[in-house]
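Throughout, the working numbering is defined as the position within the sequence shown, counted from one, plus 2. Below is one structure; the comments refer to it alone.
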Amino acid sequence: MATNTGSEQAPIRLPWKIFWIGLIVRILYMTLAHTYRIRLFEDHFQFGWEAGRVARALVNGYGYADPFQGHTGPTAWLPPLYTLMIAACFKLFGIYTPLSAWTVLALNSVFSALTALAVYEIAYRCFNPKVALWSGWLWALYPAALQFAVKWIWEMSLTCCLFTWIFLLALRMRDEGGGTWRQWSLFGALGGLLALNNATPTVFLPVAALWVFWGAPECRLQTLRRAIVSGLIAGALLAPWVLRNYRVMHAFIPIRSNFGAENYMGNSPWSVGFPWGTTVPLENTRILDEYRTKGEVQWSRERGDIASEWIRTHRARFWKLTALRAYMFWAGVPQPLIPHKEYVEYGREINFAFGTAAGLLGLLLAIRQKRKAAWLMAAAFLLLPLPYYMVTVQARFRHVLEPLIMILAVNLFQSAEKRTSKAT
């Protein structure tokens, strides 16, 4: 139970019914639709992609290695949290087995359903109980909110859950005059876990900490001490991974090693603004041999140097691609049309763009209404997509912001309903 420090001091009781129903819906869909039956194509590569490959290497005794095809050596291609979760499932239920896939997707469903509780309380604290109830139930039941949990063996659901609870924790600390030691410790722990799962959203953490600090004018020194300890906790969680990378990869790699390779894919003469293939094509033995021979760090660094040189000499093209990626981040990344089923893709793009439009209009309304944390939400909308604008974009990258988008959209329509009622 959390407490509301608003004028009425009313308790906020988290509606666990929303969590349980959301979880049951996800697991039933995943089970009945057989989404846990992963295609055998390219030796089960769609079972977690690089994360699944590294998890297999871990269970087979090769260490944190081999993210693509064959034994290519140690890797820091992706951070370890979600990969270790897959490896634990492989150890318990078998490598690439349907039971392992079902277990991973069930865990995804838990993370996604837990997000509904955070969505409810954020909406309650920033708007009102009605917006909270609608937002929580929509997140629990709306198909677009659960798709990544039930179909993708990847980190999106866990990233979204961690980020949303971090946002809620910042709200709680601000409401309680700067936060307690326990809250700041939890903030640091969740921040460290987020970095070990997907580093991109961590750009928001200093902004959230400053927002809490600024909202505690009467105890800023105490809040600053707690914030520093929070940062130390996050650093302590991240330190083993950084030290492992330095010892094994012989380079300082804070989170992951693949930025140069991704930049090369996104900013080169053939770039079209969104990825059209895998960064390391499994069927291209020449590139795989080059990656294996040079080692991941050098191979990625060389590709990054080529991309940097291309950006330097093609500034106009780079900014055009950046603008295109920014558009696609919010409007949707096009997918190949299936003959006689074009309506599926058109419906997906309309739904995606509608969510963005409603969320952004809801954000503007929240700022105009001077709602609590409206500017913090605006900072999240501004900061989180920036790396994707510059390098690469996929529809799943927006998922971390979708809880806030849903809350803001619900408030938008609730406010419109109120104005209509008053007008009549």
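All residues carry an ideal CB built from backbone N, CA and C; glycine is no exception. Here the structure is a predicted model, which is why all the values come from computation and not from measurement.
Scanning I26, A411, L83 for the CA closest to the CA of L367 turns up A411. The straight-line gap separating the alpha-carbon atoms of A172 and E220 is approximately 17 Å. Residue pairing of A67 in beta bridges, as defined by DSSP: P76.
Contact between G262 and G306 holds, since their C-beta atoms are separated by about 2 Å, short of 8 Å. In this structure, the beta-carbon distance from A229 to A211 falls below 8 Å. Between L385 and V209, the C-beta gap is smaller than 8 Å, which places the two residues in contact.
Burial of H401 is indicated by the presence of at least 16 other C-beta atoms within 10 angstroms of its C-beta.
Remark: C-beta atoms of G349 and I407 do not approach each other more closely than 8 Å. DSSP, reduced to helix, strand and coil, places N353 within a helical segment of the structure shown. I230: member of the alpha helix (DSSP H) spanning 222-251, first to last residue.
Under a 10 Å Cβ-count criterion, Q371 is classified as exposed, with fewer than 16 other Cβ atoms of the shown protein chains found around its own Cβ. Going by beta carbons, S187 and V152 fall outside the 8 Å limit.
Non-local beta-carbon contacts of R258 in its own chain, meaning distances under 8 Å to residues more than five positions away in sequence, involve A78, W79, L80, P81, A201 in chain order. Here K322 carries a helix assignment [DSSP, helix/strand/coil]. Closest in C-alpha terms to G180, from the list L198, W216, L207, A380, comes W216.
Annotation: the continuous alpha helix (DSSP H) that includes W216 extends over 207-216. Per the coordinates, the alpha-carbon of L378 lies some 32 Å from the alpha-carbon of M267. Restricting attention to S310, L25, M251, the CA atom closest to the CA of G75 is found in M251. Between R249 and E44, the alpha-carbon positions lie close to 32 Å from each other. By the CB criterion at 8 Å, L25 and A147 fall outside the cutoff.
Here A57 really is in contact with G50; their C-beta atoms are around 6 Å apart, less than 8 Å. Taking one beta carbon from each stretch, the stretch 118-128 and the stretch 16-31 have 3 or more pairs nearer than 8 Å; the two touch. For K374, no alpha helix (DSSP H) encloses it, and the DSSP letter there is neither H nor E. Inclusion of L196 and F165 in the CB contact set at 8 Å is warranted, their separation being smaller than that value. For the set Q416, G357, P336, L109, the Cα lying nearest the Cα of E347 is the one of P336. Non-local beta-carbon contacts of R39 in its own chain, meaning distances under 8 Å to residues more than five positions away in sequence, involve P100, A103 in chain order. In the displayed model, P81 falls within coil according to three-state DSSP, outside both helix and strand.
When C-alpha distances from M158 are compared across P405, V244, G138, the shortest belongs to P405. Of the residues K374, A218, V395, the one whose Cα lies closest to the Cα of N130 is K374. Rounded to the nearest angstrom, the Cβ distance from M392 to T324 is 6 Å, consistent with a contact under 8 Å. L86 sits in a helix when the DSSP states are folded into three classes. In the three-state reduction of the DSSP assignment, N265 falls in the helix class. C-alpha of P338 to C-alpha of V395: approximately 16 Å in a straight line. At the C-beta level, F189 and I155 stay beyond 8 Å of one another.
For the alpha helix (DSSP H) assignment, the uninterrupted runs of no fewer than 4 residues enclosed by the stretch 113-154 are, from N- to C-terminal side, 131-143, 145-153.
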